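Residue numbers for the sequence shown follow numbering that gives the first Met the number 0, so the first one is 0 and each next one is one higher.
Heads up, the beta-carbon is just placed ideally off N, CA and C, and yes, glycines get one too.
Values in this document were obtained by computation on a predicted structure and should not be read as measured data.
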Amino acid sequence: MNLSYEAVDAAGSAVADVIDATDAAEAIERLRRRGLFVKKISEVEAAKATTARAPATLKLPLKPLVFLTRQLAILLKAGSALVPALQVIRRQLKKPAHEAMLRSLINDLEDGLPLADAMRKFPETFDPAYRAVVAAGEASATLPAMMERLASILVRRRALRNKILGAMTYPLVLLVMSINVVCGMMMFVVPRFAGMFKTIGVEIPWSTQFLLNVSGWLEQYWAIPAGAAIVLGVGLFLLLGSKPGRRVLVNVQTEIPLMKRLTGRLIQARIYRTLGTLIECRVGVLDALELSREITGNRRFRRLFDDIVEALTSGDRISSVLLRSDFIEPSLAYSIQTGEENGALGPSISYCADILEEENAELIAAMTRLVEPMILVVMGVVVGGVAISLFLPLFDVTAALG
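Below, the structure is given as structure tokens:
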């Protein structure tokens, strides 16, 4: 149950918060071990209890996760202790569920748990790689530096996501506008021409007749395409909102010729960044490989990691597997090979991540510049084709009268 308490610490300062415990006696004992003298304790009201505890399935969006990680790094580097730093961050969070998650972390830390173990309660927010870096920082007394490194990784990830979303926005707007223009013409403009053609009694070309048939069908059965669009939109939303769905989407993207190269490079960049960071944080290579494997849902890369682990256990090197792979660029594999030979495996992998992130940004910009005019051309051809098909019979009438 969630219990609200008021207490006094050793310095005589008042403390008021919420603690999760089986009963009041357990809560008082835990608070006493923290050096708090409890003055008042009571169960949180049912209406507030739903927001007092953060569910284990809570997934903090990328933006607040960046804020949490960056703020924690700043406060720790400034000399703050871990619990006070989290308390400062908690007071800045606006959503009750996010605040409850921070409260849970604080309670576990005050009960003696390491931060990495406290984060295990929220696997959707703090993935195994994130927790491994935190654990490495706690074990080596370099938590501020590790949090700063995590913040840097998350900032890069958010910047890349924003670039992708920005690159997709204008083409999507053009596509939606094109579809709306064509649908509007088919449902409101073409029927007017149909009545006019019927009155004149002119012979109608096959292209014009096709437009009239489609327009008539849409006018009579408009609910079918509208319902299909809604079902498709909801289906895509549910697909992207689930882990299996996202994995299916990633696997499909790596098989589409136009998206195969970019998707593969985006996955590689994230894998190299995670793997390089973990190795530089003194996480064992096999453990780092397993943690990096978990962040990708693509079956090709998961098989690649299985091959790397098998090679390492048999005495081979990571670079030898990468050089044999048909979807890892040889230049990156040779860079990693050089790092292995010179005892700089982690930095060499991180360097490959730097290269891929820079080139991916350029590739996204180039694809955007290519897609936008293509959509405009297709839009012009479709709208122009509809207009020409509608005016062809009128040209015949004009020619006959002339």
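Grab me the residues of residue i's own chain with a C-beta within less than 6 Å of its C-beta, minus the 5 sequence neighbours each way, in chain order.
i	result
Ala150	Thr68, Arg69, Ala72
Glu5	Ala15, Lys38, Lys39
Gln336	Ser318
Gly342	none
Ala166	Ile363, Thr367
Taking just the CA atoms, how far does residue j sit from residue i?
i	j	result
Cys280	Met145	8 Å
Arg246	Glu123	15 Å
Arg299	Ile266	11 Å
Lys259	Arg269	16 Å
Thr367	Pro170	8 Å
Val381	Glu289	50 Å
Arg99	Arg33	Looking at the sequence provided, one finds Ala at residue 99 rather than Arg. If you take the alpha carbons of Ala99 and Arg33, they lie about 19 Å apart.
Pro329	Ser139	35 Å
Asn106	Ile18	7 Å
Met185	Pro204	17 Å
Arg316	Phe326	18 Å
Leu112	Glu137	11 Å
Thr50	Thr56	Reliability fails at Thr50, whose pLDDT of 45 lies under 50, so the model's placement of it is uncertain and the value that follows must be treated cautiously. Between Thr50 and Thr56, the C-alpha separation is close to 14 Å.
Gly215	Asn250	40 Å
Arg264	Ser349	14 Å
Leu322	Ala332	6 Å
Glu147	Glu371	38 Å
Leu64	Gly379	43 Å
Trp221	Asn179	14 Å
Asp305	Leu211	58 Å
Gly234	Ala228	10 Å
Pro413	Glu340	Residue 413 lies beyond the stretch modelled for the chain, which goes from 0 to 401, so this question has no answer here.
Gly297	Ala158	Contrary to the premise, residue 297 reads as Asn rather than Gly in this sequence. Their backbone Cα atoms lie some 22 Å apart in a straight line.
Val320	Gly338	15 Å
Ala10	Ser41	24 Å
Thr397	Glu202	13 Å
His97	Ala117	15 Å
Ile307	Leu344	14 Å
Arg119	Asp126	8 Å
How close, in whole Å, do the beta carbons of residue i and residue j come, if the pair is a contact with beta carbons under 8 Å?
i	j	result
Leu59	Arg156	Incorrect: roughly 13 Å between the Cβ atoms, too far for contact.
Thr273	Ser291	5 Å
Ala115	Val133	4 Å
Ile354	Ile163	Not a contact, Cβ separation roughly 18 Å.
Gly226	Leu237	Between Leu237 and Gly226 the Cβ distance is about 16 Å, and since that is not below 8 Å, they are no contact.
Ser388	Thr207	5 Å
Ala20	Arg29	6 Å
Ala23	Leu2	6 Å
Which residues in the same chain as residue i place their Cβ atom closer than 7 Å to its Cβ, once the five residues preceding and following it in sequence are excluded?
i	result
Gly384	none
Thr295	Ile266, Ile270, Arg301
Leu174	Ile374
Asp8	Val14, Gly34, Leu35
Ala386	none
Hey, could you find the ends of the beta strand (DSSP E) residue i is sitting in?
i	result
Ala15	13-19
Ala6	1-7
Whose C-alpha, out of the options, is nearest the C-alpha of residue i?
i	options	result
Ile82	Gly226, Ser103, Tyr271	The sequence given here places Val at residue 82; Ile does not occur at that position. The option with the nearest alpha carbon to Val82 is Ser103.
Ser334	Asp22, Lys76, Ser318	Ser318
Phe394	Phe196, Glu371, Val377	Phe196
Ala360	Pro190, Gln208, Asn161	Asn161
Val284	Ala10, Ala128, Pro63	Ala128
Ala80	Leu142, Arg191, Ser347	Leu142
Pro392	Arg31, Val308, Ile178, Phe192	Phe192
Asp110	Ala158, Ile27, Pro95, Ala77	Ile27
Ala131	Leu92, Glu357, Ser324, Ile278	Ile278
Lys93	Phe390, Gly275, Phe66	Phe66
Within a Cβ cutoff of 8 Å, which residues of the same chain sit near residue i, ignoring the five residues on either side of it in sequence?
i	result
Gln479	The chain is shown only over 0 to 401; residue 479 falls outside these bounds and no answer can be derived.
Gly200	none
Leu85	Leu71, Leu101, Leu104, Ile105, Leu108
Glu218	Met186, Pro190
Asp286	Ala131, Leu277
Residue range of the alpha helix (DSSP H) that residue i falls in?
i	result
Ile327	Ile327 -> no alpha helix (DSSP H), and no H or E assigned at all.
Val189	189-199
Lys38	First-last for Lys38: 36-42, but that is the beta strand (DSSP E), not the alpha helix (DSSP H).
Ala23	23-32
Leu239	222-239
Ile88	81-91
Val308	298-312
For a test of your reading of the model: does the CB of residue i fall under 8 Å from any non-hydrogen atom of the ligand FMN? Yes or no.
i	result
Leu391	With respect to small molecules bound, the structure shown includes none, and the ligand FMN cannot be examined in it.
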